[in-house]
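Just below is one structure, and these are the notes that go with it.
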Amino acid sequence: ETVKSGAGKDGDKDDDEDDDDDDEEEEIAKIVSLEPPTPIMTPFTIATITTSGEAPVPPPTIPSIILKNLPTFNSAFRFEERL
Numbered sequence: 001e002t003v004k005s006g007a008g009k010d011g012d013k014d015d016d017e018d019d020d021d022d023d024e025e026e027e028i029a030k031i032v033s034l035e036p037p038t039p040i041m042t043p044f045t046i047a048t049i050t051t052s053g054e055a056p057v058p059p060p061t062i063p064s065i066i067l068k069n070l071p072t073f074n075s076a077f078r079f080e081e082r083l
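The letter at position 78 of the sequence shown is residue 78 when you use the UniProt record's numbering, and the numbering goes up by one with no holes.
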């Protein structure tokens, strides 16, 4: 019966496995050493946007005749016909 172990001839790990571990350690080191990105929205930008002084534009009014003629959910999907 042949059993494959993680050890090579000299008792060390196989070369392939050792390379994978090194790559993972390098990737982790790169991630940890990254500096935080510069924020796009600075406090100055936020203050400028919120204090623009322009009044909000109200939504347009819809005439009541249009509202009365809108189909209801039931009529749009014809629930009355299914009963």
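Where a beta carbon is used, it is the ideal one built from N, C-alpha and C, also for glycine.
Under the three-state DSSP convention, the category residue i falls into
i, result
"leucine 67", "helix"
"isoleucine 40", "coil"
"alanine 47", "helix"
First and last residue of the uninterrupted alpha helix (DSSP H) at residue i
i, result
"alanine 76", "73-76"
Own chain partners of residue i with C-beta closer than 8 Å, once the 5 adjacent residues on each side are dropped
i, result
"alanine 47", "none"
"isoleucine 40", "none"
"phenylalanine 44", "none"
Close Cβ partners of residue i (< 6 Å) along its chain, the five nearest in sequence each way excluded
i, result
"proline 63", "none"
Cα-Cα separation between residue i and residue j, rounded to whole angstroms
i, j, result
"leucine 70", "proline 59", "19 Å"
"isoleucine 65", "threonine 72", "14 Å"
"threonine 61", "lysine 68", "14 Å"
"alanine 76", "proline 56", "34 Å"
Contact set for residue i: own chain, Cβ-Cβ below 7 Å, skip 5 residues either direction
i, result
"threonine 42", "none"
"arginine 78", "none"
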